[in-house]
Amino acid sequence: MSPEELQRTVAATIVNTNRALEQRVRAQLAALQDQSLLRSLEKPAGLDLCSNDYLGLARHPRMRRRLAEAVRSLGVGSTGSRLLRGHRAAFEAVEERFARLKGTPAALYLGSGWAANLGVLSTFPTSEDLIFSDELNHASLIDGMRLSKARHVVYPHCDCDALSQLLESEPCSGQRFVVTESLFSMDGDIAPLQRLGELQAAHGFALVVDEAHAVGVYGRHGSGLIEETGCGDGVFLSINSAGKALGVSGAFVCGPSWAIQLLVQSARPFVFSTAPPPALAEAIDEALDLLQDEPERRVRVLEYGTLLRESLDLAPSNAPIVPLIIGPSAATVRTAASLRAEGYDVRAIRPPTVPAGTARLRVSLNADLSRAELAGVAGSIQRALGRRA
Ligand SMILES: Cc1ncc(COP(=O)(O)O)c(C=O)c1O
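Counting in our numbering, the sequence shown runs without a single skipped number right up to 489 at its last residue.
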């Protein structure tokens, strides 16, 4: 075959391969569309009822100012991983401060909660170990378990009796881990941390708690539900997103120094990724100042959660997340659209983010809402749900 013929053959093969791939992808997208599961990217519009900015810190003037100043002094990118030139004094300072807030000997800042969960669960459990995981745990915990060499067992949501039975019946020659969120992100309910502590005393497992949605919102100092419930002694590691109530991004893993040391050596999302922009560490430091200076923000957002649940006749939960479970995805998408048309930024949450048949509106509240706005939200939701029925 001449070089020209070879080139033509290669080009034709690439075109055919891409065409086959395109057809397959288009079929996948069409299947999602048919099931009302096709996502689209929509910019914020209307009153924020769907972000995780529970305290309103992402737009707080002090946060904007501090980040701008930090960028001026520290520059933009970190230029490398933390183990290379990406490490900075600002990271060290905020890690020490965050560890103090959580009451743990050490903390490590990673680029996202996702990366932190993958790092933790792929580092500590080994092939002889067994992980017990709440059935509603976040995708990042599930993917972390998939990366781990340990087997995992799923227990029914927040069901400590079922967990206790599994702890007794499931064979394990190594270390056992129990993994749970503290505030569940899509249901707005709270893990039974105290009960888990009792089970731990009986069964001796390492407890890993994802405080993604709780940090900043709960506890006397705003450090989360571990603080609020006084369960810190029983927790091996907590993972605390800085991208939600703290209004920035990244996440802290908090725990004993020896565990943090191993993460620095072995957590692949930490080792093999460019460190976040160092200015973010300064912005988080400002968020931690605001947790101290404006505690009324967390009081207000929790009160709003209670008020909205009451006005919609929902089961009580002390949380800024209010799920309105509708069931079918198509009806959920329609209801969200009708609320958006009234100026409320509410989004439909569909499988696989939530279990099949439980598509919902996830209303998340924030401390910047006024009482009048909250009353308006409640009225519009009632009408939207009534119209749908
Ligand atoms: C429970 C939970 N854990 C972890 C994460 C990931 O955190 P991040 O958004 O900081 O990557 C999320 C994100 O939504 C979450 O809800």
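Glycine included, every Cβ here is placed at the ideal spot set by N, Cα and C.
Let's test the definition: count the other Cβ atoms within 10 Å of the Cβ of alanine 168 and tell me whether it reaches 16, buried, or not, exposed.
As a first step, residue 168 is located in the sequence shown; it is residue number 68 there, counting from the start. When all chains shown are included, alanine 168 counts as exposed.
Enclosing alpha helix (DSSP H) for aspartate 234 [first to last residue]:
As a first step, residue 234 is located in the sequence shown; it is residue number 134 there, counting from the start. Counting along the chain, aspartate 234 falls outside any alpha helix (DSSP H), though it belongs to the beta strand (DSSP E) covering 230 to 234.
If you check the beta carbons only, do alanine 478 and leucine 408 fall under 8 Å apart?
Locating residue 478 in the sequence shown gives position 378, where the first residue counts as 1. Locating residue 408 in the sequence shown gives position 308, where the first residue counts as 1. Cβ atoms of alanine 478 and leucine 408: closer than 8 Å.
What residues match up with tyrosine 154 in a beta bridge as DSSP calls it?
Sequence index remark: in the sequence shown, residue 154 carries index 54 (1-based). Its beta-bridge partners do not exist; DSSP assigns none.
Name the two residues that bound the continuous beta strand (DSSP E) containing isoleucine 491.
This structure leaves residue 491 out entirely; the chain is present only between 101 and 489.
For alanine 484, which residues of its own chain have a beta-carbon under 6 Å away from its beta-carbon, when the five flanking residues on both sides are left out?
On the sequence shown, residue 484 is found 384 positions in, with the first residue counted as 1. For alanine 484, where only same-chain residues beyond five positions count, the Cβ hits under 6 Å are Thr435, Ser438 and Leu439.
Is serine 240 helix, strand or coil by DSSP?
Stepping through the sequence shown from its first residue, residue 240 is reached at position 140. Correct three-state label for serine 240: helix.
Opening and closing residue of the beta strand (DSSP E) in which serine 338 lies
Position 238 of the sequence shown, counted from the first residue, corresponds to residue 338. It spans 335 to 341 - the beta strand (DSSP E) in which serine 338 sits, taken as one unbroken run.
So is the beta-carbon of histidine 160 under 7 Å away from any non-hydrogen atom of ligand 1?
Position 60 of the sequence shown, counted from the start, is the residue given in the question as residue 160. Short note on histidine 160: C-beta not closer than 7 Å to any heavy atom of ligand 1.
Please report the residue range of the beta strand (DSSP E) in which proline 462 lies.
Residue mapping note: residue 462 aligns to position 362 of the sequence shown, counting from 1. It is worth fixing the name first, because residue 462 is arginine in this sequence and not proline. Element bounds for arginine 462: 459 to 464.
Environment of glutamate 195 [buried if 16+ CB atoms lie within 10 Å]:
Along the sequence shown, one-based indexing puts residue 195 at 95. Classification of glutamate 195: buried, given that the 10 Å Cβ count is 16 or more.
Counted within 10 angstroms of its Cβ, other Cβ atoms place isoleucine 339 as buried (16 or more) or exposed
Working through the sequence shown from its first residue, we reach residue 339 at position 239. The residue is buried, with at least 16 neighbouring Cβ atoms inside 10 Å.
Nearest candidate by alpha-carbon position, reference cysteine 354, set Gly146, Ser240, Ala345 and Gly334:
If you number the sequence shown from 1, residue 354 lands on position 254. Comparing Cα positions, the closest option is Gly334.
Which term fits tryptophan 214, buried or exposed, when burial requires 16 or more other beta carbons within 10 angstroms of its beta carbon?
What you label residue 214 is simply residue 114 of the sequence shown in a count that begins at 1. Buried: at least 16 other Cβ atoms inside 10 Å.
Just tell me which of Ala475, Val463 and Gly457 has its CA closest to the CA of leucine 137.
Residue mapping note: residue 137 aligns to position 37 of the sequence shown, counting from 1. Of Ala475, Val463 and Gly457, the residue nearest in Cα terms is Gly457.
Could you check whether valine 401 and valine 317 sit closer than 8 Å to each other, using their CB atoms as the reference points?
As a working mapping, residue 317 is identified with position 217 in the sequence shown. As a working mapping, residue 401 is identified with position 301 in the sequence shown. With a cutoff of 8 Å on beta-carbon distance, valine 317 and valine 401 are scored as near each other.
Please classify alanine 489: is it buried, with 16 or more other beta-carbons within 10 angstroms of its beta-carbon, or exposed?
For the purposes of this step, residue 489 is taken as the residue at position 389 of the sequence shown. Because the pLDDT of alanine 489 is 40, which lies under 50, any placement of that residue in the model is unreliable, and the question is left without a value.
Classification of glutamate 328 by the beta-carbon crowding that lies within 10 angstroms, buried from 16 upward
The residue labelled residue 328 in the question sits at position 228 within the sequence shown. For glutamate 328, the number of other beta carbons within 10 angstroms of its own is at least 16, and it is reported as buried.
Could you confirm whether any beta carbon from chain B is found closer than 8 Å to the beta carbon of arginine 164?
Of the protein chains in this structure there is only one, and it is not chain B.
Quick one: what does DSSP say arginine 188 is sitting in, helix, strand or coil?
Taking the first residue of the sequence shown as 1, we reach residue 188 at position 88. Three-state result, arginine 188: coil.
Isoleucine 326 versus leucine 147 - alpha carbon distance:
The sequence position of residue 326 within the sequence shown is 226, counting from 1. The sequence position of residue 147 within the sequence shown is 47, counting from 1. Leucine 147 has its alpha-carbon roughly 31 Å from the corresponding atom of isoleucine 326.
Isoleucine 114 burial status per 10 Å Cβ neighbour count (16 or more: buried)
To locate residue 114, count along the sequence shown from 1; it is residue 14. Label assigned to isoleucine 114: exposed.
Cβ pair histidine 238, serine 285 closer than 8 Å:
Residue mapping note: residue 238 aligns to position 138 of the sequence shown, counting from 1. Residue mapping note: residue 285 aligns to position 185 of the sequence shown, counting from 1. Against a cut-off of 8 Å, the Cβ pair of serine 285 and histidine 238 comes out as a contact.
Limits of the alpha helix (DSSP H) - the one that valine 401 falls within:
For the purposes of this step, residue 401 is taken as the residue at position 301 of the sequence shown. Start and end: 396 to 411.
What do you get for methionine 101, buried or exposed, if any count of 16 or more other CB atoms within 10 angstroms of its CB means buried?
Counting from one through the sequence shown, the residue named residue 101 turns up at place 1. The C-beta of methionine 101 has fewer than 16 other C-beta atoms within 10 Å across all chains shown, which makes the residue exposed.
Would the C-beta of alanine 306 count as close to ligand 1, meaning under 7 Å from any of its heavy atoms?
What you label residue 306 is simply residue 206 of the sequence shown in a count that begins at 1. With a cut-off of 7 Å, the C-beta of alanine 306 is classified as distant from ligand 1, since no heavy atom of the ligand falls inside that distance.
Kindly examine ligand 1 and report whether one of its heavy atoms sits closer than 7 Å to the Cβ of glycine 343.
Numbered from its first residue, the sequence shown carries residue 343 at position 243. Yes, ligand 1 has a heavy atom inside 7 Å of this Cβ.
Contact test: serine 233 Cβ vs ligand 1 heavy atom, cutoff 7 Å
Here residue 233 corresponds to residue number 133 of the sequence shown, with the count starting at 1. Answer for serine 233: no, Cβ out of range of ligand 1.
So what does tyrosine 318 bridge to, in DSSP terms?
Locating residue 318 in the sequence shown gives position 218, counting from the first residue. In the DSSP output, where bridge partners are listed per residue, tyrosine 318 has none listed.
Beta-carbon proximity of tyrosine 255 to glutamate 268, cut-off 8 Å:
To locate residue 255, count along the sequence shown from 1; it is residue 155. To locate residue 268, count along the sequence shown from 1; it is residue 168. No. Outside cutoff.
Under the assumption that leucine 230 contacts arginine 276 (Cβ atoms under 8 Å), give the Cβ distance between them as a whole number of angstroms.
Translated into positions along the sequence shown, residue 230 becomes position 130. Translated into positions along the sequence shown, residue 276 becomes position 176. Confirmed, about 5 Å.
Can you determine whether any heavy atom of ligand 1 sits closer than 7 Å to the C-beta of tryptophan 358, and answer yes or no?
Along the sequence shown, read from residue 1 onward, the residue named residue 358 stands at position 258. With a threshold of 7 Å, the Cβ atom of tryptophan 358 does not count as near ligand 1, since no heavy atom of the ligand is closer than that.
Less than 7 Å between the CB of histidine 238 and some heavy atom of ligand 1, yes or no?
Taking the first residue of the sequence shown as position 1, residue 238 is located at position 138. Yes.
Taking the straight line between their C-alpha atoms, what separation do you get for leucine 183 and arginine 471?
Walking along the sequence shown from the start, residue 183 turns up at place 83. Walking along the sequence shown from the start, residue 471 turns up at place 371. Going from the Cα of leucine 183 to the Cα of arginine 471 covers about 48 Å.
Measure from the alpha carbon of aspartate 289 to the alpha carbon of each residue in Ser273, Glu311 and Val278, then state which is nearest.
Working through the sequence shown from its first residue, we reach residue 289 at position 189. Looking at the Cα atoms, Glu311 is the closest of the given residues.
I need the straight-line Cα distance from serine 417 to glutamine 123, nearest angstrom please.
For the purposes of this step, residue 417 is taken as residue 317 along the sequence shown, with counting starting at 1. For the purposes of this step, residue 123 is taken as residue 23 along the sequence shown, with counting starting at 1. Cα to Cα, the separation comes out at about 46 Å.
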